[in-house]
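Working notes, structure below.
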Amino acid sequence: MTPFLPSTVVRAADRFVREFGTDAQFAAVAPGRLNLMGDHVDYCGGWVLPMALNRCTAVVGTLSNRPDIEIFSTQLQESVSLARGADDFGAPVSGWMSYVQGVVAGFVRRNFRVPGFFAVIDSDVPVGSGLSSSAALEVAVATFLEALLGVSIDPWEKARICQEAEHQFAGVPCGIMDQVASVFGQEDRLILLDCDSLELRRIPISTQEVSILSLDTGVHHELGASAYPERRAACERAARLLEIKNLRGATEDTLESRRTDLDPLVFRRARHVVREIDRTHLLVEALGRWDWDRCGTLFWESHESLRDDFEVSCFELDAVVETARALGPSVGILGCRMTGGGFGGNCVALVKTARLNGAISALTDGYQMRTGLGLSIAVNRPGAGAHQVILR
Ligand code: GLA
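Quick look at the structure:
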């Protein structure tokens, strides 16, 4: 429960009154996430180091006396309905409502009777930006349903319901990182997640000395939709050939020793995964020693690997990283890498807090000069995970 109302909840609650002519009774929020290290390793059983953002998606609403679900999105300024039978979640829909439908279906499959409801969704997590707006939506809907039904489900089960929604209703075979970050986020803590055993450790981080920036290219290339399952399939192929459960079980040595058995492309995909998992551990160690230079080096290396071995970067993400690299320590920039699924979206950078303002304007100007495009930069602190909000 939260002592104050997040702005997304206030906006959604106001809109609810205008749309539905009554006050909303229930509200829930769930954050997006920013991943510091370990991209494209969650579905290989690897270790990842995300944080929940202090930006979230809010769902506010109330019970209806009909079985249907009607939701207004303030971001898209549209209302979408889901027609349901008494105990069924309806025919598959497309667009953002498919995430809602997937979460409802997950509850129904677990024998919860989900009643009809009206809701408004508002969010300050930008869509398609590599900050997991979809996980924020799924987890916000699941948390809202808990409020609506008066139940509390195990948080791991909640993350799984949301991941299933993404697999089965949105058609994205994602890992579990985004949903776990959104459910388990905590202020001023990173999440070190073992995606094989689902063991979770919280890593304290202070932004007094070094700040965590997200740099939004504002672009989102459609190629990502087909590339993601392809990347996942290549990793599974590598694991099968190496006769291991997943690539988390491989080392650089085992990979090298079997290099001739692997297709060169599959080899490079696997090499990214193995090295990126190592980098997650190395980053946690370096953070523990406040060794910011080492942290920065790991960021640059990670970007190169995602760009060259895994090939999920794009012109705009590379241009952000090249701009950051050219500026480097002269403006307090320690390291920068793309974050999330890739093919557009955001980079994440570590910047000395004392140099923040200069670094932000140098990055924006440098990127504009290099590409002619705008860059939106935000300074982030790890935020709280999903929770219900009491409306007053
Ligand atoms: C997307 C997926 C995650 C993860 C990242 C890449 O955000 O949803 O599961 O695979 O890409 O690290």
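The sequence shown begins at 467 in the numbering used here and counts up one residue at a time. Every residue, glycine too, gets a C-beta built ideally from N, C-alpha and C. Source: prediction; values computed, not measured.
Going by C-alpha positions, ALA479 is about 8 Å away from LEU857. Taking C-beta separations shorter than 7 Å and ignoring five residues to either side along the sequence, the partners of ARG667 in its chain run LEU658, following chain order. The stretch 609–619 makes no contact with the stretch 628–642, as fewer than three CB pairs between them are under 8 Å. Ordered along the chain, residues surrounding the ligand GLA are ASP505, HIS506, ASP508, CYS640, GLY641, MET643, ASP644, GLY806, GLY807 [Cβ under 5 Å from any heavy atom]. With fewer than 16 other beta carbons inside 10 angstroms of its own, GLU709 counts as exposed. Distance from the CA of GLU788 to the CA of VAL546, rounded to the nearest whole angstrom, comes to 42 Å. In the three-state DSSP reduction, PRO730 falls in the helix class (H, G or I). The way I'd put it, the stretch 798–806 doesn't touch the stretch 554–569; fewer than three beta-carbon pairs between them come closer than 8 Å. Using a C-beta cut-off of 8 Å, the stretch 621–629 makes no contact with the stretch 520–532, since fewer than three inter-stretch Cβ pairs fall below that distance. A residue is called buried when at least 16 other Cβ atoms come within 10 angstroms of its Cβ; HIS633 does not meet this threshold and is exposed.
Where ASN501 is concerned, the enclosing beta strand (DSSP E) starts and stops at 492–501. Take the alpha-carbon of ASP831 and the one of GLU777: they are about 27 Å apart. Each residue's CA atom was taken as its position, placing HIS686 and THR837 some 16 Å apart.
Around the beta-carbon of ALA549, fewer than 16 other beta-carbon atoms lie within 10 Å, marking it exposed. In the structure shown, SER600 falls within a helical segment according to DSSP collapsed to helix, strand and coil. With a 10 Å radius around the Cβ and a threshold of 16 neighbouring Cβ atoms, PHE573 comes out buried. It is roughly 9 Å from the alpha-carbon of VAL514 to the alpha-carbon of GLU742. Here the stretch 737–757 makes no contact with the stretch 487–501; the two share fewer than three CB pairs at distances below 8 Å.
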